[in-house]
Amino acid sequence: MASEDVSMTDTEEVDYFEAGSQSFVAWLQQHGTVISSSIELADLRRRGAGRGVLAKENIAEDEELFAVPRSSILTISTSNLPAEVKTQLDDPWLGLIAAMVYEYHRGSESMWEPSFAVLPVDFDTPMFWSDGELDSLRGSAVVDKIGKLSADTAFREQVIPVIRQHGTIFHADDMSDDDLTSLCHRMGSTIMAYAFDLEKPSPTDPHDQEDGWEEDEEESESMSKGMIPWADMLNADANRNNAKLYYEEDKVVMKSIRAIKVGEEIFNDYGPLPTADVLRRYGYVTSKYAQYDVVEVSLQLIKDVAKEHMRMSDKDLEHRTRYLDDEEVLDDCYDVSRSCNGDAKPFSDELCILLSALALPAIEFENLQRKRKLPRPALEPSSAGLLSAVLHKRQGLYKGIMKSNTRNDDTADPRGTHRRNMAQQVIQGEQLVLVEALAMLKEMSAPTGDKRKAAEADTGHAGKKQKS
-14 MASEDVSMTD
-4 TEEVDYFEAG
6 SQSFVAWLQQ
16 HGTVISSSIE
26 LADLRRRGAG
36 RGVLAKENIA
46 EDEELFAVPR
56 SSILTISTSN
66 LPAEVKTQLD
76 DPWLGLIAAM
86 VYEYHRGSES
96 MWEPSFAVLP
106 VDFDTPMFWS
116 DGELDSLRGS
126 AVVDKIGKLS
136 ADTAFREQVI
146 PVIRQHGTIF
156 HADDMSDDDL
166 TSLCHRMGST
176 IMAYAFDLEK
186 PSPTDPHDQE
196 DGWEEDEEES
206 ESMSKGMIPW
216 ADMLNADANR
226 NNAKLYYEED
236 KVVMKSIRAI
246 KVGEEIFNDY
256 GPLPTADVLR
266 RYGYVTSKYA
276 QYDVVEVSLQ
286 LIKDVAKEHM
296 RMSDKDLEHR
306 TRYLDDEEVL
316 DDCYDVSRSC
326 NGDAKPFSDE
336 LCILLSALAL
346 PAIEFENLQR
356 KRKLPRPALE
366 PSSAGLLSAV
376 LHKRQGLYKG
386 IMKSNTRNDD
396 TADPRGTHRR
406 NMAQQVIQGE
416 QLVLVEALAM
426 LKEMSAPTGD
436 KRKAAEADTG
446 HAGKKQKS
């Protein structure tokens, strides 16, 4: 996780890395963090994971792994940033970014210097990709979620003016606006990848509380955020999650949620994030989150296809969508999910209602509207056929079908190659979502007689399995 000097010898690099880890742990304990003797901070670079936390001995379920006092969590409140500056930054994200810029520039005077030393200085998140690298993500809705231009605007209009107004305390008088913007992006990406949404302690059992990673992203935008040292050293795994963070009055506590064997890694979890969002937020991809992959289908695309497929007039289309909007089932886009994900239906009720409303004969739609009712949230052959046409159109928005898993290896640009390969994994995952969905829709939209013939081809007449 920490950056290293590439000119160092292997031994010097290991020593530098280990020294940073030791200083970090010592600093934590000096400031009140209680760390169980059953865990340790480990060098996992050979696994491509930077630092991580391992079990030194067998750990039982519901065992406390560490407890961090709230005073050690870096927030805009705990930062030494002067009060008059804090009042100028209401947004939780921008406030924490400014606080981190301030504490970072204080160097050894900052309480959190050892924590900054074990955090990365550069990222592989799409926020830092070139236009050519971003082009390899073409077709994925994640491109529109990166928000580099809006972030630049927020930094230049809201954060940098505050820094300039208090240039002396920020130690930023010698920095250009471009330099400050880059530093804000670095701190913002650190928050995106490592910060937690800080829940207020509940008067009820803290075990009933959810951890910050599982918050809805829109709700998360307004919550107080903080860098929780040691908690941010845990790597994540959707399938091997074995620890969870709980919020108490004066501290946060990480506990095991299942038994952990000696030598095993302690894993947090991001929640049900698609691969594209893992890349956007954390700068890497893994097959562990492929089960949560989705393809976003815009309302505009659905309307465009409906006009052609259902031969609808603009007036009829507007009439139906306005009614659906009044009934609060219309959205800007809809997710199509993996059919293998048992926790989610491939097609949401809202999407099914929209498609059914668009596929209904005019007289049937008028009858529903007169009764102030909505179609059932189920796909009939006509609405399934419409969705199939929509998803075929959606497939065409990708740059091109990846016909093989061959990796692109360009020794002249290893970082660019790595990023394009990650993009390829995202695109392939989303295309698999569409392939699975279209296969399901093909069966749903088939006439009853064709379904019976298909079943007989699989089982033989009278339900007997055919001989191979």
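Numbering (our numbering), first residue to last: -14 to 453. The beta carbon of each residue, even a glycine, is placed where N, CA and C say it ideally should be.
task = Classify G37 as helix, strand or coil using the three-state DSSP reduction.
result = Within the sequence shown, numbered from 1, the residue matching residue 37 stands at position 52. Reduced to three states, the DSSP call for G37 is strand.
For V70 and V147, believed in contact at Cβ under 8 Å, the rounded distance = Reading the sequence shown from its first residue, position 162 is the one you call residue 147. Reading the sequence shown from its first residue, position 85 is the one you call residue 70. Rounded, the Cβ-Cβ distance is 6 Å, consistent with contact.
task = Confirm, please, whether the CB-CB distance from S57 to T110 is below 9 Å.
result = The residue labelled residue 110 in the question sits at position 125 within the sequence shown. The residue labelled residue 57 in the question sits at position 72 within the sequence shown. Not a contact, by the Cβ cut-off of 9 Å.
query = By Cβ distance, which residues of its chain are closer than 8 Å to I176, with the 5 residues on each side in sequence left out?
reply = If you number the sequence shown from 1, residue 176 lands on position 191. Excluding sequence neighbours, I176 sits near W78, L81, I82, M85, K210, M212.
query = Is the number of C-beta pairs between the region 246 to 258 and the region 213 to 222 that are closer than 8 Å three or more?
reply = Yes: the two stretches touch, three or more of their Cβ pairs being nearer than 8 Å.
task = Check whether the region 394 to 412 touches the region 102 to 118, counting contact only when three or more Cβ pairs, one atom from each stretch, lie closer than 8 Å.
result = The count of Cβ pairs closer than 8 Å, one atom from the region 394 to 412 and one from the region 102 to 118, reaches three, so the stretches are in contact.
request  = Indicate whether L302 and L376 have their beta-carbon atoms separated by less than 9 Å.
outcome  = Indexing the sequence shown from 1 puts residue 302 at position 317. Indexing the sequence shown from 1 puts residue 376 at position 391. Going by C-beta atoms, L302 is not nearer than 9 Å to L376.
task = Taking the CB atoms as reference points, tell me whether P366 and E421 lie closer together than 9 Å.
result = Position 381 of the sequence shown holds residue 366. Position 436 of the sequence shown holds residue 421. No, the Cβ-Cβ distance between P366 and E421 is not below 9 Å.
ask   = Counting pairs of Cβ atoms below 8 Å between the region 10 to 17 and the region 30 to 40, do you hit three or more?
value = Flag = no, the region 10 to 17 and the region 30 to 40 do not touch.
Cβ neighbour criterion (16 or more within 10 Å) applied to C337 = Translated into positions along the sequence shown, residue 337 becomes position 352. With 16 or more Cβ atoms within 10 Å of its Cβ, C337 is classed as buried.
inquiry  = Below 8 Å, how does it come out for the region 127 to 143 and the region 229 to 237: are there three or more Cβ pairs, yes or no?
reply    = The region 127 to 143 is not in contact with the region 229 to 237.
message = Can you list, in chain order, the residues of its chain with a C-beta nearer than 8 Å to that of A157? Leave out the 5 residues immediately preceding and following it.
response = Against the sequence shown, residue 157 aligns to sequence position 172. V86, H90, I148, R149, L165, listed in sequence order.
task = Give every residue of the same chain whose Cβ lies closer than 8 Å to the Cβ of K41, excluding the five residues on either side of it in the sequence, and list them in chain order.
result = As a first step, residue 41 must be located in the sequence shown, where it is residue number 56. Excluding sequence neighbours, K41 sits near S22, S23, I24, E25, V247.
query = On the premise that S100 lies in contact with L59, defined as a C-beta separation below 8 Å, what is that separation, rounded to the nearest angstrom?
reply = The residue you call residue 59 lines up with position 74 of the sequence shown. The residue you call residue 100 lines up with position 115 of the sequence shown. The Cβ separation is near 7 Å, so the contact holds.
query = Do D334 and the ligand FMN come close, with the Cβ less than 8 Å from some heavy atom?
reply = The ligand FMN is not among the ligands present in this structure, which contains no ligands whatsoever.
key: V270 burial status per 10 Å Cβ neighbour count (16 or more: buried)   = Along the sequence shown, one-based indexing puts residue 270 at 285. The residue in question, V270, is buried, as its Cβ has 16 or more Cβ neighbours within 10 Å.
task = Might you give, ordered along the chain, the residues of its own chain that have their beta carbon closer than 8 Å to the beta carbon of A45, omitting 5 neighbours on each side?
result = For this step, residue 45 is matched to residue 60 along the sequence shown. Only S241, A244 meet the Cβ criterion.
request  = Would you mind working out which of S125, F155, S298 sits nearest S283, comparing C-alpha positions?
outcome  = By one-based count along the sequence shown, residue 283 stands at place 298. Of the candidates S125, F155, S298, the one whose C-alpha sits nearest the C-alpha of S283 is S125.
ask   = CA-CA distance, D196 and N43?
value = Here residue 196 corresponds to residue number 211 of the sequence shown, with the count starting at 1. Here residue 43 corresponds to residue number 58 of the sequence shown, with the count starting at 1. Bear in mind that a pLDDT of 40 at D196, under 50, signals an unreliable position, so the number given afterwards is only what the model happens to contain. Looking at the two C-alpha atoms, the distance is approximately 24 Å.
query = When DSSP labels each residue in this structure, what does P105 get in the three-state scheme?
reply = Taking the sequence shown and counting its residues from 1, one reaches residue 105 at position 120. Correct three-state label for P105: coil.
request  = Taking all protein chains shown into account, decide if E454 is buried (16 or more other Cβ within 10 angstroms of its Cβ) or exposed.
outcome  = Outside the shown range of the chain (-14 to 453) lies residue 454, about which nothing can therefore be said.
message = Do I412 and K384 have their beta-carbon atoms positioned less than 9 Å apart in this structure?
response = The residue given as residue 384 occupies position 399 in the sequence shown. The residue given as residue 412 occupies position 427 in the sequence shown. Cβ atoms of K384 and I412: closer than 9 Å.
ask   = Per DSSP, K236 is paired with what?
value = Against the sequence shown, residue 236 aligns to sequence position 251. Looking at the DSSP output, K236 sits in a beta bridge with P54.
key: Residues near P259 in its chain [Cβ-Cβ closer than 7 Å; skip 5 each side]   = Locating residue 259 in the sequence shown gives position 274, counting from the first residue. Result list for P259: Y274, Y277, D278, V279, in chain order.
task = Indicate whether S64 and E88 have their beta-carbon atoms separated by less than 9 Å.
result = Here residue 64 is taken as the residue at index 79 of the sequence shown, counted from 1. Here residue 88 is taken as the residue at index 103 of the sequence shown, counted from 1. Yes, the pair counts as a contact, with Cβ atoms nearer than the cut-off.
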